[in-house]
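To start, the structure under review is shown below, and the notes come after it.
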Amino acid sequence: MNRTLKSGVGISLAMLGIFSCSSDSLTGTDGLNTDDLSADANQIASVSVSFAQSSIAVGDTTTASASLRDWRGRTLANRVVTWTSSNSAVATVSAAGLVTGVSAGTAVITAARAGKSGSGTVTVTSSGTSSPGSVASVAVSLVSSALSPGQTTQAAATLRDSANNVLAGRAISWSSSNTGVATISSAGLVTAVAVGTSQITATSEGKTGSAPLSVTSTSSATKPGAVQDLKVAASDSNSVTLSFTQVDDGTGQPAKYDVRFAAPPISWGSATSVTSGTCTTPIAGTTVGTALVCKVLGLKPSTAYNFQLIAFRGTLNQDAVFGSLSNVVSVTTAASAAPPPVPVASVTISPASVTLQAGATSQLTATTRDASNNVLTGRTITWTSANPAVATVSSGGLVTSVAAGTAQVTATSEGKSASASVTVSAAPPPPPPPPSGSVEPAGMTTLTERGFSALNEDGWTNTGSSDYTIQADATAPKSPSLVGQVRFPKGFGSGNAPAVLEKVWASGMKTLYVGFWIKLSSNWVGNDASVNKIFHFWIGDSNRLFLNAHGAGTSKLTAEVWLQGIVAGGNFDSGKTADFAPNQGVSAEIVRGQWVHWEMVFTGNSSGAKDGKVEWWINGQKAGSYSGIQFVSGAGTWQEMEWSPTYGGAGGAVPADQFMSVDHIRVSGSH
2 MNRTLKSGVG
12 ISLAMLGIFS
22 CSSDSLTGTD
32 GLNTDDLSAD
42 ANQIASVSVS
52 FAQSSIAVGD
62 TTTASASLRD
72 WRGRTLANRV
82 VTWTSSNSAV
92 ATVSAAGLVT
102 GVSAGTAVIT
112 AARAGKSGSG
122 TVTVTSSGTS
132 SPGSVASVAV
142 SLVSSALSPG
152 QTTQAAATLR
162 DSANNVLAGR
172 AISWSSSNTG
182 VATISSAGLV
192 TAVAVGTSQI
202 TATSEGKTGS
212 APLSVTSTSS
222 ATKPGAVQDL
232 KVAASDSNSV
242 TLSFTQVDDG
252 TGQPAKYDVR
262 FAAPPISWGS
272 ATSVTSGTCT
282 TPIAGTTVGT
292 ALVCKVLGLK
302 PSTAYNFQLI
312 AFRGTLNQDA
322 VFGSLSNVVS
332 VTTAASAAPP
342 PVPVASVTIS
352 PASVTLQAGA
362 TSQLTATTRD
372 ASNNVLTGRT
382 ITWTSANPAV
392 ATVSSGGLVT
402 SVAAGTAQVT
412 ATSEGKSASA
422 SVTVSAAPPP
432 PPPPPSGSVE
442 PAGMTTLTER
452 GFSALNEDGW
462 TNTGSSDYTI
472 QADATAPKSP
482 SLVGQVRFPK
492 GFGSGNAPAV
502 LEKVWASGMK
512 TLYVGFWIKL
522 SSNWVGNDAS
532 VNKIFHFWIG
542 DSNRLFLNAH
552 GAGTSKLTAE
562 VWLQGIVAGG
572 NFDSGKTADF
582 APNQGVSAEI
592 VRGQWVHWEM
602 VFTGNSSGAK
612 DGKVEWWING
622 QKAGSYSGIQ
632 FVSGAGTWQE
642 MEWSPTYGGA
652 GGAVPADQFM
662 SVDHIRVSGS
672 H
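In the numbering used here, each number is its position in the sequence shown, counted from 1, plus 1.
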């Protein structure tokens, strides 16, 4: 049977009730309706932010909008969000999402609801900002306007707008009117080639400027020699060592050298002169005819390079006289060497001590840190137990208790170690058998009798995953050996259930009897909020009552009944959650690793009356009794139940795989 059978209830409303109410948060965070926020913590899957204008001027405004969607991508309407600005000195945002520009810059505007948030960036510009003018004139100057063949000089261009303001950062292209006399690089370096004249021209944004260059006959001195044996002597990930035989500068003295590099193939005019290492241009020669070895630094790993050099005399970019270019050499730098790992300086174990009953397990976690207390990952950890007869430990740190006593469990990594104390107590005697009778009232109609022989049976449906399974358990007290089991995997977050199993009956029941056996695994760690929900019961489309194994961490777990969204009851006002603890003088403890028999009888209220009642028994002992409850404003009749084992309402995550098992559910009712 599914929710479509309910008279007068739409499919979408019913499903919304199931997914929101079965895992309600117990506390609100922003003062809004508690039930709405709790439901939204499960429903909201994404929040996105958009602006009417993403760029505004100082003093202007724009409207920010938030779009909330559920896990199916459907828009969630009528949700109030909280707006914040990451930089209120740049832009502020009101509670309604109105963004106001304060000063130039950027700010991140964030919308949040029920722990989910989304953001967008708004840019604020200064008032009256205007674009710089275009190029109106170009003036060209040369360091030297007269050269000899082989010499170089540097050209410079000054750009101005129509108001004669100097402009910077504009693209400039260079050209020579006679490349047979002089050439010029993209950086404005002029090289004299032969006797004659040429105009050196700079062009930017369609405007040009020129300067004349004259190349005269060479002096009586000869050109510097040419290096013919440039070699790569060595290389690593970011450097290359070069060697070559030195030549004279044309006057009998050792030449100077300009070494350049580029991605292959190298083009001398656009190649980069070396600026780091002993090959930094200019290199001063020492002795003609001897080897010169130098190193180029600052290269990229795993990169191909060409190297070339030229010998010269004089001063670069002034009166330098050059020889011919050398041969080209090629090399590919090595890949980056991985830095050596930081050594482990300390090891800690969490928890530092555990107390277990014989046969129980507990997960220990070892954390390695360096000398600066930074956490290190990926390190090998070895686990050992000093007393395996009391407790053993796996290679992953899972401790298994064997017999009563104490043992030290040690984690070791790179010579550093830490220990945790494990105390094993003898297993307590099993609980007394349940009484031969039952607290089920006479004349009740059976609504379900489920022994968990299959994943779906007796009209139950489930929307869970592989975390809900049927397991064999020979200790099952009612219908061995098969039981239903839900796994809470390590890291499972609060406010959620790994699986949801649902049973709906044809007509509402004024009174319900519920009986079942439950076992929480021996390593069960309670949620930080002490909320470990088991079964939920519905009046119409409202989840009004759930069963809770109350307790946080490894503290005692107590069988309690909690109400939510009720009209009145006890000392609770309308809409509050009522925490009904045992009040009959018994502990009502749910002992980890043991089967517990839980029975309860609860009665819905008459229309407009506070005459509802809740009673429950643990292992045959009456644990709690509360009356004077008004669940709803009209007549309260129970129509469905869910096994929706929700881990808390807020705070905490499951530290290691833990399990909830249920054996044989019986539910009966009367009108």
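Each residue gets a CB set at the ideal place from its N, CA and C atoms; glycine is no exception.
Please read these numbers as outputs of a predicted model, since none were measured by experiment.
Simplified DSSP state of residue i, which is helix, strand or coil
{"i": "Ser49", "result": "strand"}
{"i": "Ser271", "result": "helix"}
{"i": "Asn43", "result": "helix"}
{"i": "Pro213", "result": "strand"}
{"i": "Gly74", "result": "coil"}
{"i": "His672", "result": "coil"}
{"i": "Gln309", "result": "strand"}
{"i": "Lys479", "result": "coil"}
{"i": "Val440", "result": "coil"}
{"i": "Phe323", "result": "strand"}
{"i": "Val423", "result": "strand"}
{"i": "Arg545", "result": "strand"}
{"i": "Ser303", "result": "coil"}
{"i": "Ile666", "result": "strand"}
{"i": "Asp25", "result": "Residue placement at Asp25 cannot be trusted, given a pLDDT of 36 that sits under 50; what the coordinates show is reported in the next sentence. Coil."}
{"i": "Leu558", "result": "coil"}
{"i": "Ala188", "result": "coil"}
{"i": "Val655", "result": "coil"}
{"i": "Ala147", "result": "strand"}
{"i": "Val82", "result": "coil"}
{"i": "Asn463", "result": "strand"}
{"i": "Pro533", "result": "Residue 533 is actually Asn in this sequence, not Pro. In this structure, Asn533 counts as strand in the three-state DSSP scheme."}
{"i": "Asp162", "result": "coil"}
{"i": "Asp259", "result": "strand"}
Alpha-carbon to alpha-carbon, residue j and residue i
{"i": "Ser68", "j": "Gly649", "result": "28 angstroms"}
{"i": "Gly290", "j": "Tyr258", "result": "14 angstroms"}
{"i": "Leu317", "j": "Thr154", "result": "8 angstroms"}
{"i": "Ala367", "j": "Ala353", "result": "10 angstroms"}
{"i": "Ser669", "j": "Glu643", "result": "15 angstroms"}
{"i": "Val194", "j": "Phe308", "result": "23 angstroms"}
{"i": "Trp506", "j": "Lys117", "result": "36 angstroms"}
{"i": "Ser135", "j": "Glu206", "result": "8 angstroms"}
{"i": "Ala338", "j": "Val297", "result": "18 angstroms"}
{"i": "Val139", "j": "Thr198", "result": "21 angstroms"}
{"i": "Thr279", "j": "Gly106", "result": "44 angstroms"}
{"i": "Ser89", "j": "Arg70", "result": "28 angstroms"}
{"i": "Asp459", "j": "Thr446", "result": "15 angstroms"}
{"i": "Pro646", "j": "Asn533", "result": "7 angstroms"}
{"i": "Gly379", "j": "Lys623", "result": "52 angstroms"}
{"i": "Ile382", "j": "Ala473", "result": "34 angstroms"}
{"i": "Pro255", "j": "Ala169", "result": "41 angstroms"}
{"i": "Leu548", "j": "Phe517", "result": "12 angstroms"}
{"i": "Phe538", "j": "Ser634", "result": "17 angstroms"}
Cβ neighbour criterion (16 or more within 10 Å) applied to residue i
{"i": "Trp72", "result": "exposed"}
{"i": "Asp230", "result": "exposed"}
{"i": "Arg75", "result": "exposed"}
{"i": "Leu521", "result": "buried"}
{"i": "Lys301", "result": "exposed"}
{"i": "Glu561", "result": "buried"}
{"i": "Gly685", "result": "Because the chain in this structure spans residues 2 to 672, residue 685 falls outside the shown range and cannot be described."}
{"i": "Thr180", "result": "exposed"}
{"i": "Pro436", "result": "Note that Pro436 has pLDDT 46, beneath the 50 cutoff, so the model's placement of it is unreliable and the number below is only indicative. Classification of Pro436: exposed, given that the 10 Å Cβ count is below 16."}
{"i": "Pro434", "result": "Its pLDDT being 48, under 50, Pro434 is placed unreliably by the model, and nothing is read from it."}
{"i": "Val501", "result": "buried"}
{"i": "Ala183", "result": "buried"}
{"i": "Gly629", "result": "exposed"}
{"i": "Pro265", "result": "exposed"}
{"i": "His672", "result": "exposed"}
{"i": "Thr166", "result": "The residue you asked about is not Thr; residue 166 is Asn in the sequence shown. Asn166 should be labelled exposed."}
{"i": "Val376", "result": "exposed"}
Any chain B beta carbon closer than 8 angstroms to residue i
{"i": "Val668", "result": "Here chain B cannot be found, since the structure has a single protein chain."}
Residue i beta carbon near the ligand GTP (any heavy atom closer than 7 angstroms)
{"i": "Thr287", "result": "In terms of ligand content, the structure shown is empty, and the ligand GTP therefore cannot be addressed."}
Cβ contact (3+ pairs, closer than 8 angstroms) linking the stretch 325-336 and the stretch 153-169: no
Please give the ranges of any beta strand (DSSP E) in the stretch 217-254, keeping only runs that are unbroken, at least 3 residues long and fully inside the region. 232-236, 241-246
Every unbroken alpha helix (DSSP H) within the stretch 342-397, with a cutoff of 4 residues, ordered by chain: Annotation note: the stretch 342-397 contains no uninterrupted alpha helix (DSSP H) run of length 4 or greater.
Three or more C-beta pairs under 8 angstroms: does that hold for the stretch 649-658 against the stretch 618-630? no
Decide if the stretch 584-591 is in contact with the stretch 601-613; the criterion is three or more beta carbon pairs, one per stretch, under 8 angstroms apart. no
Counting Cβ pairs, one atom from each stretch, are 3 or more of them under 8 angstroms apart for the stretch 400-414 and the stretch 440-455? Result no; under three Cβ-Cβ pairs closer than 8 angstroms.
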